[in-house]
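Colleague:
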Amino acid sequence: MTPRVIFFDINETLLDMQAIKTGLAAVLNGDETLVDLWFANLLHHSLVDTMSSQFHDFIDIGAAALTMVAHGKGIVLDKAKAKDTIKQHITRLPAHEDVIPTLKALQSAGVTLVALSNSSKAGLDAQLEYANIRTYFSHVLSVESIRTYKPHAAVYHWACQQANVKNKDAMMVAAHGWDVSGAKATGMQTTFVKRAGKMMYPLGLMPDHTVASLNELIGIVTK
């Protein structure tokens with residue numbers, strides 16, 4: 021079934037995270053491998069917030085997670101410095117090379133495109149503007165509005181309501197297996213993007229499509 025609306029995850033799916041890896045490594049003794057651990061901790065503790073009926077800003081959770089990763093490696097890092105470092109880099113991420121051509125083609129084909137992110141509304145707006153892709157989205161949705169993080173089912177149901185589309189007529193596109201699985205569980209169509217080092221969660225709900233490049237999405241949606 022051809023989707024009427026496509027929802028895009030932003031971090032890693034559309035935006036290249038290398039810049040923030042370099043920036044955060046500077047406060048982690050230059051070890052870029054710890055940045056992936058940091059991002060995993062950030063996502064983990066956003067879910068802890070959701071499951072314990074709390075809600076903190078995504079960057080605040082990121083700062084807390086960064087201090088935890090640093091602590092685990094014997095690195096002293098206070099939360100204020102961690103937060104400043106994240107804020108400095110996370111809103112200055114370029115789009116992957118396949119992003120703008122794909123968004124432009126899908127928009128020209130009449131497909132409604134929506135940004136859906138765990139980032140704060142202000143942070144998300146800044147990210148899209150910096151990457152020069154804001155113009156392609158009819159809606160820019162941050163989970164901050166419902167104070168619940170993906171992949172909770174409530175987020176996908178809310179997002180589809182905001183875009184005035186039934187879940188079955190919408191597609192979630194993400195480079196994170198947990199995001200794809202969460203959307204799939206609510207009846208949405210899904211596409212997993214195999215960004216470098218990413219794979220689907222083997223025990224998750226399998227995507228309808230898997231693409232090595234976002235460009236492949238054009239043929240899937242407009243066929």
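Just so you know, we're using the numbering used here here: the sequence shown kicks off at 21 and counts up by one.
Backbone N, C-alpha and C define an ideal beta-carbon position, used for all residues, glycine too.
Please read these numbers as outputs of a predicted model, since none were measured by experiment.
1) Counting along the chain, where does the alpha helix (DSSP H) carrying F59 start and finish?
2) Does E164 pass the burial test, meaning 16 or more other C-beta atoms within 10 Å, or should it be called exposed?
3) Under the assumption that Y150 contacts L113 (Cβ atoms under 8 Å), give the Cβ distance between them as a whole number of angstroms.
4) Classify T70: buried if its beta carbon has 16 or more other beta carbons within 10 angstroms, exposed otherwise.
5) Quick test of your reading: D36 and H116, contact by CB under 8 Å. State the CB separation rounded to the nearest angstrom.
6) Please confirm whether Q181 and Y156 have their CB atoms less than 8 Å apart.
7) Nearest to V68 by CA position, among M220, T242, I95 and R167, is which residue?
8) Roughly how many angstroms lie between the CA atoms of S72 and S66, to the nearest whole one?
9) In the DSSP assignment, what residue or residues form a beta bridge with T210?
10) By DSSP, does N31 sit in helix, in strand, or in coil?
11) For T33 versus V241, is the C-beta spacing smaller than 8 Å?
Modeller: The short version:
1) Locating residue 59 in the sequence shown gives position 39, where the first residue counts as 1. Per DSSP, F59 belongs to the alpha helix (DSSP H) from T53 to M71.
2) Here residue 164 refers to the residue found at position 144 of the sequence shown. Burial state of E164 is buried, judged by a 10 Å Cβ sphere holding 16 or more other Cβ atoms.
3) As a first step, residue 150 is located in the sequence shown; it is residue number 130 there, counting from the start. As a first step, residue 113 is located in the sequence shown; it is residue number 93 there, counting from the start. Confirmed, Cβ separation roughly 7 Å.
4) The residue you call residue 70 lines up with position 50 of the sequence shown. Buried, since its Cβ has 16 or more Cβ neighbours within 10 Å.
5) By 1-based counting over the sequence shown, the position of residue 36 is 16. By 1-based counting over the sequence shown, the position of residue 116 is 96. Sure, about 5 Å apart at Cβ, within 8 Å.
6) By one-based count along the sequence shown, residue 181 stands at place 161. By one-based count along the sequence shown, residue 156 stands at place 136. In this structure, Q181 lies away from Y156, with their beta-carbon atoms at least 8 Å apart.
7) Position 48 of the sequence shown, counting from 1, holds the residue named residue 68. Scanning M220, T242, I95 and R167 for the CA closest to the CA of V68 turns up R167.
8) Numbered from 1 along the sequence shown, position 52 holds the residue referred to as residue 72. Numbered from 1 along the sequence shown, position 46 holds the residue referred to as residue 66. When rounded, the distance between both Cα atoms is 10 Å.
9) On the sequence shown, residue 210 is found 190 positions in, with the first residue counted as 1. BP columns for T210 point to M192.
10) Position 11 of the sequence shown, counted from the start, is the residue given in the question as residue 31. Under the three-state reduction of DSSP, N31 is assigned to strand.
11) As a working note, residue 33 is residue 13 in the sequence shown. As a working note, residue 241 is residue 221 in the sequence shown. Result no, Cβ atoms of T33 and V241 do not sit closer than 8 Å.
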